[in-house]
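Novice:
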Amino acid sequence: MATETPITRQTRIRISWPASHLTAGLDDTPSTQALLKALPLTSTARTWGEEVYFDTGVSVSRETDARQVVDPGTVAFWTDGDALALPYGPTPISRGPECRLASPCNVLGRLDGDPRLLASVRDGDPVRVQLIDS
């Protein structure tokens, strides 16, 4: 019987869409563990101001440290929509330049590189999320 390898802070994913891709490092959280079990996954991108989000087919509970205002490039799990939320700038409900999500989200990790690359995602684009083998 195989044993599951525990997740480490170095868990890496790749998020791809037709125009480009980004990688991210995920922390060991209950939401991360649930997401990893669903990978690889393909979904349809939605945009909301300067945020990209998409359904994951994964349902998790809101964690005690969930946050609504996050830094650009945060990988968040929107529990109300079973979706990954990837903010790179203000949303329609932001106050000033902040990244304000629709509701408090579980923080999973951070994107590598410039999160503004997400501006090339178009509403309706196919998005693929996969684990990067270490």
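The sequence shown runs 0 to 133 under numbering that gives the first Met the number 0.
Each residue gets a CB set at the ideal place from its N, CA and C atoms; glycine is no exception.
This one's a predicted model, so the numbers in the text were calculated from it and none came from an experiment.
Can you tell me whether Ser30 is buried or exposed, with buried defined as 16 or more other CB within 10 angstroms of its CB?
Specialist: Buried.
Novice: For Ile131, count neighbouring Cβ atoms within 10 angstroms of its own Cβ and tell me buried if that reaches 16, exposed if not.
Specialist: By the neighbour-count rule (16 or more Cβ atoms within 10 Å), Ile131 is not buried but exposed.
Novice: Leaving aside the five residues before and after Pro114 along the sequence, list all residues of the same chain whose C-beta is less than 6 Å from its C-beta, in chain order.
Specialist: Here the set comprises Pro71, Gly72, Tyr87.
Novice: Let me check one thing: in DSSP terms, what residues is Asp87 bridge-paired to?
Specialist: Here residue 87 is Tyr; the residue named in the question, Asp, does not match the sequence. According to DSSP, which records beta bridges pairwise, Tyr87 is partnered with nothing at all.
Novice: Determine contact between the stretch 106 to 113 and the stretch 14 to 24, defined as no fewer than three beta-carbon pairs at a distance below 8 Å.
Specialist: They touch, by the three-pair rule.
Novice: If I'm right that Leu25 touches Ile14 with Cβ under 8 Å, what's the distance once you round it to whole angstroms?
Specialist: Wrong, their Cβ atoms sit about 11 Å apart, outside the cutoff.
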